[in-house]
Structures are given as C-alpha cells and as structure tokens.
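Participant: Questions regarding the structure given below will be posed in turn.
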Amino acid sequence: MPIEQSIALMGFVVVMTGTPGPNNMMLLASGANFGFRRSIPHILGITIGCQSLLLAITLGLGQLLTRFPILEMVLKVLCGGALLYLTWGLVKPAFAPTPVVVQPETNDVPVVTNPLSFWQAAMFQWVNPKAWMMMLTAIATYTQPQTIWSNTLLIGLLFAVLGMPVISLWNLFGASLRKFLLDPLKARVFNLAMGVLLLGSMYPLFQ
16 MPIEQSIALM GFVVVMTGTP GPNNMMLLAS GANFGFRRSI PHILGITIGC QSLLLAITLG
76 LGQLLTRFPI LEMVLKVLCG GALLYLTWGL VKPAFAPTPV VVQPETNDVP VVTNPLSFWQ
136 AAMFQWVNPK AWMMMLTAIA TYTQPQTIWS NTLLIGLLFA VLGMPVISLW NLFGASLRKF
196 LLDPLKARVF NLAMGVLLLG SMYPLFQ
C-alpha cells in the first residue's frame with residue numbers, strides 16, 4: 016500500500032474508532048460504573064471482535080449480504096435487537112430502588128450489573144452497525160484485489176494498534192467520572208443519558 020494511502024488509512028481508523036458509537040458509549044458507561052481495570056476484557060473483546068468481522072468480510076461475507084438483501088434485513092433486525100437489549104441493561108440500574116452504579120476498584124461483584132465480558136464484547140461486533148460500516152468501508156476503500164490479504168492485514172493491525180488506545184480513552188474518561196457519580200441521583204441521570212445515546216447510535220440502521 017502506498018505511503019499516502021497508509022496515512023489516509025491511519026486517519027480513517029482514528030476517526031472511526033474515536034467518534035461516538037455503540038462501543039464508545041458502552042465503554043464510557045463501563046468506565047463510570049466499574050472503572051478501567053474491570054473494563055479491560057470489554058476493550059479487548061471489541062478489538063478481537065472487529066478483527067474477526069474484518070476477516071469474515073474479506074472472505075466474502077460482505078458480498079453475500081449485497082447479493083442477498085434479505086440477509087442484510089435480518090442483520091439490521093439483529094443489530095437493533097442487540098442495541099435495545101444493551102440499552103435496557105444500561106438503564107435498568109437507574110430504576111432500581113438502590114442503584115449499584117459506581118463500584119470501587121475491588122474484586123467485589125456488582126449487585127445489579129456487570130461489565131461486558133470479553134466474549135460478549137467480541138460477539139457484539141457482529142451485530143454492531145458501526146463495526147460493519149467501518150470494516151466494509153475499510154475493505155472497499157483501502158484494498159486492491161491483487162493485494163487484498165496484505166492490505167487486510169495492515170487494516171487489522173492499524174485497528175488494533177491505533178483503535179484500541181483510542182477506545183480506551185472513552186473508558187478512561189468514564190472512569191474519571193466515578194467520584195462525581197457517587198451521588199445516586201447523578202448516577203441515575205448518567206446511565207439514562209448513556210441509554211439515550213446508545214439508542215441514538217441505531218440511526219445508521221434506518222439509512
């Protein structure tokens with residue numbers, strides 16, 4: 016890949032992983048609810064899940080969706096259902112009599128909610144509309160048929176090396192709010208706001 020195209024790809028990765036979307040909204044909420052350390056499996060799951068999705072698209076899954084529009088519709092329904100489920104999991108503590116939101120950095124397990132596990136975060140990428148958009152766009156824009164595998168390897172490497180630190184910043188920002196959210200009322204409002212923003216991330220499904 017020419018150096019100019021590689022630089023453009025790096026910019027694409029930083030912008031796509033750094034802008035608001037389902038992953039970053041959930042990482043922000045996870046940082047506020049559970050801190051950075053307990054959110055590390057979530058961060059790693061996002062990274063690995065995106066890599067597996069990138070590989071599947073390179074192997075022809077993206078072309079399959081284009082050829083059979085019904086599959087694209089099924090995917091949109093699954094994406095919407097997954098986002099609604101995650102939104103409910105995020106706002107449910109706000110309606111609890113005693114919401115367990117901000118937890119100290121200990122090994123104590125929250126009573127109401129738990130951070131997303133590695134496998135949950137990885138599997139979510141397969142029904143994450145922004146992840147599909149990122150990977151499909153990357154393959155369509157930054158690969159050539161004759162060098163598709165080397166190009167795909169570079170795309171995956173950049174999403175791991177650049178993308179993971181970028182999404183971690185969202186989680187760290189959420190973790191910085193933990194003391195502020197010790198107030199149960201503020202914690203309720205925060206989780207409700209995160210739920211609304213997560214619902215807003217469903218917008219690409221209707222385009």
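So for the sequence shown, the numbering used here puts the first residue at 16; every next one is plus one. All residues carry an ideal CB built from backbone N, CA and C; glycine is no exception.
1. Can you give me the start and stop residues for the alpha helix (DSSP H) that residue 16 sits inside?
2. Does DSSP classify residue 116 as helix, strand or coil?
3. Expressed to the nearest angstrom, what Euclidean distance is found between the alpha-carbon atoms of residue 188 and residue 132?
4. Spatial neighbours of residue 16 within its chain, please: CB distance less than 8 Å, with the 5 preceding and 5 following residues excluded, ordered by chain position.
5. Compare the Cα-Cα distances from residue 71 to each of 99, 171, 54 and report the closest residue.
6. Below 8 Å between beta carbons: does that hold for residue 64 and residue 141?
7. Please state whether DSSP places residue 36 in a helix, a strand or coil.
8. On the criterion of 16 or more Cβ atoms from any shown chain inside 10 Å, does residue 185 qualify as buried, or is it exposed?
9. Do the stretch 86–100 and the stretch 198–212 meet, that is, are 3 or more Cβ pairs less than 8 Å apart?
10. Can you say whether residue 82 is buried or exposed, counting buried as having 16 or more other CB atoms within 10 angstroms of its CB?
11. If you draw a straight line from the alpha carbon of residue 135 to that of residue 57, how long is it in whole angstroms?
12. Have a look at residue 138 and residue 22 and give me their C-alpha separation to the nearest angstrom.
13. Can you tell me which of the three DSSP states residue 67 falls into?
14. Going straight from the alpha carbon of residue 85 to that of residue 93, what length do you get?
15. Between the Cα of residue 175 and those of 195, 49, 192, 150, spot the shortest distance and give me the residue it belongs to.
16. Alpha carbon to alpha carbon, what distance is there between residue 30 and residue 183?
Facilitator: In short:
1. Here residue 16 refers to the residue found at position 1 when the sequence shown is read from its first residue. Element bounds for residue 16: n/a, residue is neither H nor E.
2. As a working mapping, residue 116 is identified with position 101 in the sequence shown. Low per-residue confidence applies at residue 116: pLDDT is 46, beneath 50, and the placement is therefore not dependable enough to give any value.
3. Reading the sequence shown from its first residue, position 173 is the one you call residue 188. Reading the sequence shown from its first residue, position 117 is the one you call residue 132. Using only the alpha carbons, I get a separation of about 20 Å.
4. Looking up residue 16 in the sequence shown gives position 1. A distance below 8 Å between beta-carbons, with the five flanking residues on each side excluded, links residue 16 to the following residues of its chain, in chain order: 24, 157, 162, 165, 166, 169.
5. Within the sequence shown, residue 71 is the residue found at index 56, counting from 1. Check the Cα spacing between residue 71 and each of 99, 171, 54: the tightest is with 171.
6. Reading the sequence shown from its first residue, position 49 is the one you call residue 64. Reading the sequence shown from its first residue, position 126 is the one you call residue 141. Going by C-beta atoms, residue 64 is nearer than 8 Å to residue 141.
7. Indexing the sequence shown from 1 puts residue 36 at position 21. Coil.
8. Within the sequence shown, residue 185 is the residue found at index 170, counting from 1. Result: buried.
9. With the cut-off at 8 Å, the stretch 86–100 and the stretch 198–212 do not touch.
10. Working through the sequence shown from its first residue, we reach residue 82 at position 67. So residue 82 counts as exposed.
11. As a first step, residue 135 is located in the sequence shown; it is residue number 120 there, counting from the start. As a first step, residue 57 is located in the sequence shown; it is residue number 42 there, counting from the start. One C-alpha to the other measures close to 8 Å.
12. Looking up residue 138 in the sequence shown gives position 123. Looking up residue 22 in the sequence shown gives position 7. The straight-line gap separating the alpha-carbon atoms of residue 138 and residue 22 is approximately 30 Å.
13. In the sequence shown, counting from the first residue as 1, residue 67 sits at position 52. If DSSP states are grouped into helix, strand and coil, residue 67 belongs with the helices.
14. Mapped onto the sequence shown, residue 85 falls at position 70. Mapped onto the sequence shown, residue 93 falls at position 78. One C-alpha to the other measures close to 12 Å.
15. Working through the sequence shown from its first residue, we reach residue 175 at position 160. Comparing Cα-Cα distances from residue 175 to each of 195, 49, 192, 150, the minimum goes to 150.
16. Residue numbering aside, residue 183 sits at position 168 when the sequence shown is read from its first letter. Residue numbering aside, residue 30 sits at position 15 when the sequence shown is read from its first letter. Cα-Cα distance, rounded: 14 Å.
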